[in-house]
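K.L.:
Provided herewith is a single structure, encoded as structure tokens, for subsequent inquiry.
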Amino acid sequence: MALQLQQIGCNESVLLRVTHSNLKSFSVDVRFSLQMTVESVKDKLWRKCGTSVNSMSLELYDDTNTKV
Numbered sequence: 003m004a005l006q007l008q009q010i011g012c013n014e015s016v017l018l019r020v021t022h023s024n025l026k027s028f029s030v031d032v033r034f035s036l037q038m039t040v041e042s043v044k045d046k047l048w049r050k051c052g053t054s055v056n057s058m059s060l061e062l063y064d065d066t067n068t069k070v
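Residue numbers (this note's numbering): 3 to 70.
Below, the structure written as structure tokens:
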């Protein structure tokens, strides 16, 4: 699962483009609070893609597609 970071203005949230390593056609933009824990981010992603929290490996990429 890969996440691409895009911060919107001075909001307390970020909009992430979420992709899935096993679901090649899966791509969705999801807004996350900057106050969320990794566990709560994974829980929110589980609701979007169905992959269990324990099976997730998250990667973050910037807007140039470089791994952060």
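Ideal placement from N, C-alpha and C gives every residue a C-beta, glycine not left out.
Just mark Leu36 as buried or exposed, buried being the case when its beta carbon has 16 or more other beta carbons within 10 Å.
P.N.:
Result: exposed.
K.L.:
Which class does Val70 belong to by DSSP, given the choice of helix, strand or coil?
P.N.:
Looking at Val70 - three-state DSSP - the assignment turns out to be coil, as it is neither helix nor strand.
K.L.:
Considering only the beta carbon of each residue, do Val55 and Leu62 sit closer than 8 Å?
P.N.:
Contact: no.
K.L.:
Whole angstroms is fine: what's the gap from Ser42's alpha carbon to Ser15's?
P.N.:
Whole-angstrom Cα-Cα distance: 14 Å.
K.L.:
Are Val20 and Val32 close, meaning C-beta to C-beta below 8 Å?
P.N.:
A contact, by the Cβ cut-off of 8 Å.
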